Structure formats: C-alpha cells, structure tokens
Amino acid sequence: MLILLFNGTLVEERLDFNPVITVMDCLAIGDAYREALSTYHGSGKDQGWYLNDERGTIQGYYCE
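Each position in the sequence shown, counted from 1, maps to that position plus 314 in my numbering.
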C-alpha cells in the first residue's frame, strides 16, 4: 500500500502473506484493505482515498 502523508512523505506499508497467495487474491485483499482503512471523497481536485486516521491519502498498491 502506497500512502502519501499530508507532510509530503511517501510511505510503503507492506502486507506479507504466508503461504503465498495468487495475484488475484492479492488484488482482492488490497481493495478490501484500502476500503477498510480509508474513505473515498468524490470528484474535483481533492478526490481520492483519504485515510480514516487523517494521516494522508492512499495512492495505490501493488502485488509482488
């Protein structure tokens, strides 16, 4: 999960799975994790996934 803090710092929060999961499972878990941690704010220049703890915004995630 890539998080951009409001102070400008980019943070990578890693989730490690054992046993290893498939890419499709990873994408589903990433979506669920993003929706659990943040709230989407609609259209306009301020749209995005804002963290519920008000630290910043989720910029995306990727699976390895």
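The beta carbon of each residue, even a glycine, is placed where N, CA and C say it ideally should be.
Note that the structure is a prediction, hence the values are computed from the model and not measured.
Residue burial annotation: Y375 is buried, with at least 16 other C-beta atoms found within 10 angstroms of its C-beta.
Residue range 337 to 351 is occupied by the alpha helix (DSSP H) that includes G344. Here G370 is buried: its Cβ has 16 or more other Cβ atoms, across all protein chains shown, within 10 Å. Where Y364 is concerned, the enclosing beta strand (DSSP E) starts and stops at 362 to 365. Sequence-distant Cβ neighbours of Q361 in its own chain, meaning closer than 7 Å and more than five residues away, are H355.
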